[in-house]
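Asker: The structure follows.
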Amino acid sequence: MSLANLTPSPGFHKWLPVEYRDLVEHGPYFRDKKPKVSDMGKFKEIVEEHPMCAGCAMTLFIRLVFIGLPTPEHTVIVGTAGCGRLAISQGSIPFIYGNYGDTNATASGLKRGLEVRFPNQHKDVVVMAGDGGLIDIGFQHLMHGWFRQEKFTTILLDNEVYGNTGGQESGMTRQGQILKMAPRGKKTGKIDALGLAKVSKVDYVARIAPTNPARVARTVRRAVLVAREVGSSYIQAYTSCNIEYAIPTPDVMKDAFDVEKDRYGFEEIISDRAKEFLAEVEKKDKAKK
Ligand SMILES: Cc1ncc(C[n+]2csc(CCOP(=O)(O)OP(=O)(O)O)c2C)c(N)n1
Ligand code: SF4
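Throughout, the numbering used here is defined as the position within the sequence shown, counted from one, plus 1.
In structure tokens, the structure reads:
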């Protein structure tokens, strides 16, 4: 969504809701200086309101993703059924609701189409979906997008459960975990999706928990820039489900720190060509400061 598209003609300005004017005047689009995570609360965020559970860490993560996008005005998000889309679809960024499982096929076609339609303007495509949507039902499209080195970013919102449908186990649920709809405990282990991304030669791979907001935004920026210029990128984020895992809301961040220590330590796996590219970009960023 570009600022030019959002900006009302002067005659309409005073009739628009204050939230809308706020988004035009204090949103993150085309600012000389892009708002940072440390500016949260001082600018209009891309997601204004959402119907996700109070205290859900997935929502926090989605807000940070929106802050990390290098050019939100030239980004399209592809999502699907699952909790995350409840917030993502409320953001003032174009959102495509793929069928459950086909997000990465949709994103492949979309990215190629955008390159043909806008040869002189980078358009970033970001898939953001749950572990059921990507690692179970959408697995084939996820893997083939990686094998073909499609230039878009996939962000896995890993709450280790099917949250939106009330607690079934997913491929990302840990072995032995008991859930409402897996009462006997999961028999097999958590799928090593990070390892699969690595052997598929994804150019930028990261595992992250939302314990360090600035790092989340920086990781998203890196992943999107690599997908823009080099090849596929993948972020696997721990975004707990406080409902299905019965985490009291005040303990959601404590849980994120515990899980980070246990199995979600920050890790980046970057190809040589992506490293070279990022070094160049970040050198220019530093010079601008
Ligand atoms: C083809 C298809 N199968 C099943 C469903 C039902 N469905 C909706 S959301 C969902 C589970 C979502 O789990 P996940 O992708 O892990 O996301 P979460 O809700 O945990 O964030 C399912 C099975 C659907 N919408 N479409
Ligand atoms: S069910 Fe879980 S993942 Fe979904 S919004 Fe609620 S806390 Fe978040």
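Ideal Cβ positions, reconstructed from N, Cα and C, are used throughout, including at glycine. These figures come from a predicted structure and were not determined experimentally.
Please return the same chain residues whose Cβ sits closer than 7 Å to the Cβ of Trp147, not counting the five positions on each side in sequence.
Answerer: Closer than 7 Å at Cβ, skipping near neighbours: Ala198, Ser201, Val203, Ser233.
Asker: Measuring CB atoms only, is the region 250-268 touching the region 69-83, in the sense that at least three cross pairs come out at less than 8 Å?
Answerer: Contact fails: fewer than three Cβ-Cβ distances are below 8 Å.
Asker: Return the chain-ordered list of same chain residues with a C-beta closer than 6 Å to the C-beta of Val221, the five sequence neighbours on each side being excluded.
Answerer: For Val221, where only same-chain residues beyond five positions count, the Cβ hits under 6 Å are Val66, Gly69.
Asker: Confirm the yes/no value for this check: CB of Asn121, any heavy atom of ligand 2, distance under 7 Å.
Answerer: Because no heavy atom of ligand 2 lies under 7 Å away, the Cβ of Asn121 does not count as near it: no.
Asker: Can Val240 and Met59 be called in contact, C-beta distance under 8 Å?
Answerer: Per the sequence presented here, residue 240 reads as Thr, with Val not at that position. The answer is yes: Cβ separation under 8 Å.
Asker: Among Leu115, Arg185, Ala210, whose alpha-carbon lies nearest the alpha-carbon of Ala257?
Answerer: Measuring from the Cα of Ala257, the nearest candidate turns out to be Ala210.
Asker: Span of the beta strand (DSSP E) holding Ile130?
Answerer: Before going on, a small fix: residue 130 reads as Ala here, not Ile. Run containing Ala130: 125-131, per the beta strand (DSSP E) assignment.
Asker: Would the beta-carbon of Met59 be found less than 7 Å away from any heavy atom of ligand 2?
Answerer: Yes, Cβ of Met59 sits closer than 7 Å to a heavy atom of ligand 2.
Asker: What does the Cβ neighbour count give for Ile179, buried or exposed, with the cut at 16 atoms within 10 Å?
Answerer: Exposed: under 16 other Cβ atoms inside 10 Å.
Asker: Classify Pro249 as buried or exposed, calling it buried when 16 or more other Cβ atoms lie within 10 Å of its own Cβ.
Answerer: Exposed, by the Cβ-count rule.
Asker: Got a sec, what are the start and stop residues for the alpha helix (DSSP H) Ala58 sits in?
Answerer: Here the alpha helix (DSSP H) through Ala58 covers 58-69.
Asker: Inspect the beta-carbon positions of Gly133 and Tyr163 and report whether they are closer than 8 Å.
Answerer: Yes, the Cβ-Cβ distance between Gly133 and Tyr163 is below 8 Å.
Asker: Evaluate contact between the region 41-60 and the region 110-126, counting only Cβ atoms and requiring at least three cross-stretch pairs below 8 Å.
Answerer: They do not touch, by the three-pair rule.
Asker: Reducing DSSP to helix, strand and coil, say where Gln237 ends up.
Answerer: It is a strand residue.
Asker: Taking Cβ to Cβ, would you say Ala238 is nearer than 8 Å to Leu158?
Answerer: For Ala238 and Leu158, yes; Cβs fall inside 8 Å.
Asker: In chain order, what residues of the same chain have a beta carbon less than 8 Å from the beta carbon of Arg219, not counting five sequence neighbours either side?
Answerer: Gly69, listed in sequence order.
Asker: Looking only at its chain, what residues have a beta carbon closer than 7 Å to the beta carbon of Ala106, apart from the 5 residues adjacent to it on each side?
Answerer: His142.
Asker: Distance, Cα to Cα, Glu49 vs Phe267?
Answerer: Their backbone Cα atoms lie some 28 Å apart in a straight line.
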